[in-house]
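The first sequence begins at 76 in our numbering and counts up by one. For each residue, glycine too, the CB sits at the ideal point set by N, CA and C. Here is the structure we will look at.
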Amino acid sequence: MKVASWNVNSLNVRLPHLNTWLAAAMPDIVALQETKLEDGKFPVEAIAALGYQCAFSGQKTYNGVALLARQPLRDVVTDIPGLTDPQRRILAATVGDPAAPSQQLRIINLYVVNGQSVGSEKFAYKLDWLAKVRDFLAAELQRYPQMIVLGDFNIAPDDRDVHDPAAWHEQILCSSAERAALAQLHALGLHDSFRLFEQEPGLYSWWDYRMGAHRRNLGLRIDLILVSDALRARCRSATIDREPRRWERASDHTPVLVELA
DNA sequence: ATGACGGAAGTTTTCCGA
């Protein structure tokens, strides 16, 4: 089973890219972020034509998350305790046989708050948001041992994930406070699948549109797929598909994937 | 020098992203 995450930076603009990529990569489940679409405008029919059912939680202009799956998505959650948040950034759903709860896979799609700059109001909000999400994930893990938490985390886990660690030192996406918040998710038994297989630096999932950053590989790895202890043993590969970032009118993020046994 | 590039709203410019 292939599970993927992709920040599409407007599904309206990127629907043709998604179409092409789904046909080529053939994932079973895809988490999308920054759909920037109100629910009434979600392209349910176009996605169905590609062979996927969908769940979505969106809003105009900003944010917006969606899950696409070849199987039915059940027990959808879009809001969590403690966050009365109009920003659509969270989408949880379950796949698998309802009669066999222990074999169900819980999928939690996150578009983590950007945070703007260290010390800003938005930064404080990011840390608070992450703390609430951690509590939610802890509760979810009690119910669903097989869990995958994926999305745009807006945190580069360590300096291997940053093209210029000196320039980014204690900057937004790389600060110790953000990395500590990510470490708290790891402490729940949620592992960065990419680092189960790959230790090299210089492998990124996002490149700025400006300054020819992609051509020069000036990027960050901020799109992550975390797997629970129970899922870790089923994890066969974790990769970044850089191809869609090369396409005309690309998203600034490229898809990341895991393959589960 | 805080620029650039791209998307969205909506109108000639602003906000936001990472």
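Residue i, DSSP secondary structure in three states
i	result
residue 210	helix
residue 186	strand
residue 95	helix
residue 328	strand
residue 318	helix
residue 84	coil
residue 334	strand
residue 122	helix
residue 260	helix
residue 162	coil
residue 202	helix
residue 311	strand
residue 278	coil
residue 135	coil
Straight-line Cα distance separating residue j from residue i
i	j	result
residue 169	residue 148	6 Å
residue 230	residue 200	14 Å
residue 137	residue 202	19 Å
residue 192	residue 218	36 Å
residue 256	residue 245	14 Å
residue 207	residue 139	18 Å
residue 124	residue 322	23 Å
residue 320	residue 79	15 Å
residue 179	residue 242	43 Å
residue 118	residue 93	12 Å
Endpoints, the beta strand (DSSP E) within which residue i is located
i	result
residue 152	149-152
residue 143	140-144
residue 106	104-108
residue 271	Where residue 271 is concerned, there is no enclosing beta strand (DSSP E), although the alpha helix (DSSP H) it sits in stretches over 269-272.
Segment limits, alpha helix (DSSP H) that includes residue i
i	result
residue 250	Here residue 250 belongs to no alpha helix (DSSP H), and DSSP marks it neither H nor E.
residue 380	The question about residue 380 has no answer here: the residues shown for the chain are numbered 76 through 336.
residue 304	304-307
residue 131	Unbroken run through residue 131 is the beta strand (DSSP E), 128-132; no alpha helix (DSSP H).
residue 293	Where residue 293 is concerned, there is no enclosing alpha helix (DSSP H), given that its DSSP letter is neither H nor E.
Among the options, the one whose alpha carbon lies nearest that of residue i
i	options	result
residue 87	114, 78 and 99	114
residue 127	306, 141, 334 and 145	145
residue 236	223, 315, 306 and 204	315
residue 104	129, 120 and 119	129
residue 306	133, 109, 224 and 331	224
Would the region 211-220 count as touching the region 269-276 if we require 3 or more Cβ pairs under 8 Å?
no
Is the number of C-beta pairs between the region 158-165 and the region 183-191 that are closer than 8 Å three or more?
yes
Assess contact between the region 248-265 and the region 298-307, defined as three or more Cβ pairs (one per stretch) separated by less than 8 Å. Is contact present?
yes
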